[in-house]
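> Chains as they are written, first to last, in this note's numbering: chain Y, 1 to 213; chain G, 1001 to 1213. A virtual CB, placed ideally from N, CA and C, is assigned to each residue, including glycine.
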């Protein structure tokens, strides 16, 4: 199933595997390696070599005949495909435990995302900083979004607050929401919602455990 | 691609969608609804009706001809498929922000997982409780795992600590690890590692944003 525009013609599964390849490629690059085979990438990612080959060809990663894929060229191809060579300015709403965990994760900058502001309503959180990111009161959403020209919202609020905040975000012109609340958000057709579902991974684990018994 | 034993013959993608159906079915059940169509499920999940139909048939959800799937029967079929009608006792290692967020999530009990203990090395965390779950020192891993007969480890430690803790867990006989650290764990062939990759969702979001431009 492809969630994307026809011109991309690339499956969700391929896209979701790209960060795994990227992590291995960054490591190899740090060690000065120039080429990597799909077999070697397979050992580091648990993805079959044939799938890796197809995925990398899909994003036009350069290869050198049978010697394998070019390390630096493949990094650039994936970053370019995902737009991770440019930083998208994002903000986070809901600075509870999960929100704080995400604010503390410095790795997002390698993944095209720079969280520059956070919002909450809790008096003990508003005014604080996490990992250098200031926590504003949710009442300031509209003015800060417009002032800082923010495009992507990371939503880590409780289920009960998710739709209300979403309506506010849509009203502010936000076009992309990364939603960690386990609830379907109702948005206009031109707003992208990326639903993060912790239960999906747990389902996979449980099904594998059952098949394993 | 099927990660599972051949006898199950069900794709990872199907398994990962099941919790979404379950959430809608729980809601419908709470409102006393007896039947639901795949079209209605599609509206609530953003999964195409034809895919939903196939997924539910795969887990043997009972249907009533053209009237749709039976709500309660479908809940039971999914729970049974995932083993979520029985609680697996689990523990969490690494009670930082992400760990605390997971410990605070009461929904796991509906998803077959009961986290009954947490472990950390930080003096300010050891001895505390989060959501009624006691935080032990990591040095006590072996004795508590054996005493409480724990099967599943939830790993929310920093990347640098992940492999070391994993070796300890494998030594304790743990057969399933739900890993939130963005690093590949080396384990014996009979140990299941479910890798949670936050960057996968972000990649999907970025690819959709680019296709949208």
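1. In this structure, does DSSP put residue 71 (chain Y) in helix, strand or coil?
2. Less than 9 angstroms separating the beta-carbons of residue 1201 (chain G) and residue 43 (chain Y)?
3. Report yes or no: is there a C-beta of chain G within less than 9 angstroms of the C-beta of residue 206 (chain Y)?
4. Is the CB-CB distance between residue 1137 (chain G) and residue 1126 (chain G) below 9 angstroms?
5. Please give me, in chain order, every unbroken run of the alpha helix (DSSP H) with length at least 4 that falls completely inside the region 14–72 of chain Y.
6. Taking the alpha-carbon of residue 1109 (chain G) as reference, which of G:1084, G:1149, G:1118, G:1097 has the nearest alpha-carbon?
7. When you check each C-beta in the region 1143–1168 of chain G against every C-beta of chain Y, which residues fall closer than 9 angstroms?
8. So which residues on chain Y does residue 1196 (chain G) lean against when the C-beta distance must stay under 7 angstroms?
9. Buried or exposed: where does residue 1023 (chain G) fall if 16 or more other Cβ atoms within 10 Å of its Cβ makes it buried?
10. Tell me the DSSP bridge mates of residue 274 (chain Y)?
11. At a Cβ threshold of 9 angstroms, is residue 1134 (chain G) touching chain Y?
12. Does the beta-carbon distance from residue 130 (chain Y) to residue 104 (chain Y) come in below 9 angstroms?
13. Do residue 1151 (chain G) and residue 1086 (chain G) have their CB atoms nearer than 9 angstroms?
14. Give the residues of chain Y in contact with residue 1112 (chain G), contact being defined as C-beta atoms less than 8 angstroms apart.
15. Give me whichever residues DSSP pairs with residue 1081 (chain G) in a beta bridge.
16. In whole angstroms, what is the alpha-carbon distance linking residue 1206 (chain G) and residue 176 (chain Y)?
17. Could you check where the beta strand (DSSP E) with residue 152 (chain Y) kicks off and where it finishes?
18. Can the beta-carbon of residue 1093 (chain G) be found less than 9 angstroms from the beta-carbon of residue 1191 (chain G)?
To lay it out plainly:
1. If DSSP states are grouped into helix, strand and coil, residue 71 (chain Y) belongs with the helices.
2. The Cβ atoms of residue 1201 (chain G) and residue 43 (chain Y) lie no closer than 9 angstroms to each other.
3. True, the Cβ-Cβ gap to chain G drops below 9 angstroms.
4. Taking a C-beta distance under 9 angstroms as the contact criterion, residue 1137 (chain G) and residue 1126 (chain G) qualify as a contact pair.
5. The region 14–72 of chain Y contains these whole alpha helix (DSSP H) runs: 38–45, 49–58.
6. Nearest neighbour of residue 1109 (chain G) by Cα position, chosen from G:1084, G:1149, G:1118, G:1097, turns out to be G:1084.
7. Those would be 1151, 1152, 1156, in chain order.
8. Scanning chain Y for C-beta atoms nearer than 7 angstroms to the C-beta of residue 1196 (chain G) yields 201, reported in chain order.
9. With 16 or more Cβ atoms within 10 Å of its Cβ, residue 1023 (chain G) is classed as buried.
10. Residue 274 (chain Y) is absent from the structure shown; chain Y starts at 1 and stops at 213.
11. Output row for residue 1134 (chain G): interface = no.
12. Yes, they are a contact pair.
13. No, Cβ-Cβ distance for residue 1151 (chain G) and residue 1086 (chain G) is not below 9 angstroms.
14. For residue 1112 (chain G), the chain Y residues whose C-beta falls within less than 8 angstroms of its own C-beta are 202, 206, listed in chain order.
15. According to DSSP, which records beta bridges pairwise, residue 1081 (chain G) is partnered with nothing at all.
16. Roughly 9 angstroms separates the two Cα atoms.
17. Where residue 152 (chain Y) is concerned, the enclosing beta strand (DSSP E) stretches over 152–155.
18. No, Cβ-Cβ distance for residue 1093 (chain G) and residue 1191 (chain G) is not below 9 angstroms.
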